[in-house]
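To start, the structure itself, in structure tokens.
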Amino acid sequence: MEINANLNPEQIIRLEKICDEEFSKNSETKTFRFKKLEKGIYLPTFDLINLYNTVKNLKFKDKTSIIDLGSGDGRIVFLFLLMGHYATGLEYNKHLCKLSDHIIKPRLISEGFDVKKARFKQGDFLNEDFSEYDIIYFFPGDFNNYKKLEDKLIKTMKDNSFFLVYGQKHPFERLRPGSLWQRLTGYKEGKIMAYRK
Ligand SMILES: C[S@@+](CC[C@H](N)C(=O)[O-])C[C@H]1O[C@@H](n2cnc3c(N)ncnc32)[C@H](O)[C@@H]1O
């Protein structure tokens, strides 16, 4: 599988638009965003183009396997898949799982996006074994069980995998921060950090 380093920015903007539209049409209220769900707030990663450029610059090899921890409406999974990676989303909230897999995915396919291989699972990422993934992506929102997540990553993540974390505060104590510390536009304090074990 070849990495699609030339994904068109217009395709990425269209992807975000479709996700936003289907979210608004299919969620009880627009305030579902920021609302406290069973495991934390739902808020999508802002500005996928910046994330795309960051990941592209990491120059991952072919056939990279990626998981989004708490995949929300699935936009990160779709983005990584369109870049040519294998992508899985793991989300606890059943409504968001269905929205990504049964509503947004078919809509994207109907509009010509090749996202058939997007894989979504419902469950708690704190119970996940991360050994099959090369990149683990995480946008924490108001997540606060960092100690447990860090233990799990140290135990199960491969030595050469990256743990990419979006957002401002990352109170990890044992994971090693990488050189990538990039300020993203479109979100006032948006940053992405690449940790290694
Ligand atoms: C801030 S949102 C990020 C959504 C998506 N990753 C993105 O970047 O667009 C956090 C998501 O993680 C989910 N979540 C939080 N804790 C979780 C857990 N322990 N297991 C599975 N999902 C979880 C929430 O339900 C929410 O949808």
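In terms of our numbering, the sequence shown opens at residue 8 and continues consecutively. Glycine residues also receive a C-beta, built at the ideal position from the N, C-alpha and C atoms.
Do you know offhand how far residue i's Cα is from residue j's?
i                : j             : result
isoleucine 110   : lysine 162    : 35 Å
lysine 42        : asparagine 57 : 25 Å
serine 117       : lysine 105    : 17 Å
phenylalanine 30 : glutamate 180 : 36 Å
methionine 8     : aspartate 80  : Low confidence applies here, because methionine 8 scores a pLDDT of 40, under 50, leaving its location unreliable and the question unanswered by this model.
aspartate 149    : leucine 44    : 11 Å
lysine 112       : leucine 182   : 34 Å
leucine 160      : lysine 204    : 8 Å
At which residues does the beta strand (DSSP E) containing residue i begin and terminate?
i                 : result
leucine 171       : 169-173
phenylalanine 132 : Looking at the DSSP string, phenylalanine 132 is not in any beta strand (DSSP E), and its letter there is neither H nor E.
aspartate 166     : Note, aspartate 166: premise wrong, no beta strand (DSSP E); not H, not E.
glutamate 98      : 93-98
phenylalanine 145 : 142-145
If you compare alpha carbons, which of the options is closest to residue i?
i              : options                       : result
arginine 114   : Ile20, Asp54, Glu28           : Glu28
lysine 124     : Asn100, Gly96, Gly148, Leu106 : Gly96
isoleucine 73  : Asn64, His92, Val62, Gly79    : His92
methionine 200 : Gly77, Phe170, Thr71, Leu103  : Phe170
lysine 128     : Tyr144, His102, Ser117, Glu98 : Glu98
lysine 155     : Gly174, Val172, Glu135        : Glu135
lysine 63      : Leu14, Tyr144, Glu35, Asn100  : Leu14
proline 16     : Pro51, Ile25, Asn60           : Asn60
Cutting at 6 Å between CB atoms, please list the residues of its own chain near residue i, excluding the five before and the five after it.
i            : result
arginine 126 : Thr95
glycine 47   : Gly148, Asp149, Phe150
Starting from the C-beta of residue i, find all residues in its chain whose C-beta is less than 8 Å away, skip the five residues before and the five after it, and write them out in chain order.
i             : result
leucine 22    : Leu55, Arg82, Phe85, Leu86, Leu89, Leu115, Phe120
aspartate 131 : Lys46, Tyr99
Give the range of the alpha helix (DSSP H) segment to which residue i is assigned.
i           : result
tyrosine 59 : 55-64
leucine 76  : Per DSSP, leucine 76 belongs to no alpha helix (DSSP H); it is in the beta strand (DSSP E), 72-76.
arginine 21 : 16-33
Leaving aside the five residues before and after residue i along the sequence, list all residues of the same chain whose C-beta is less than 7 Å from its C-beta, in chain order.
i           : result
proline 184 : Met200, Tyr202
Exercise. Is the segment 164-174 in contact with the segment 131-150, if contact means three or more CB pairs nearer than 8 Å?
Worked result: yes
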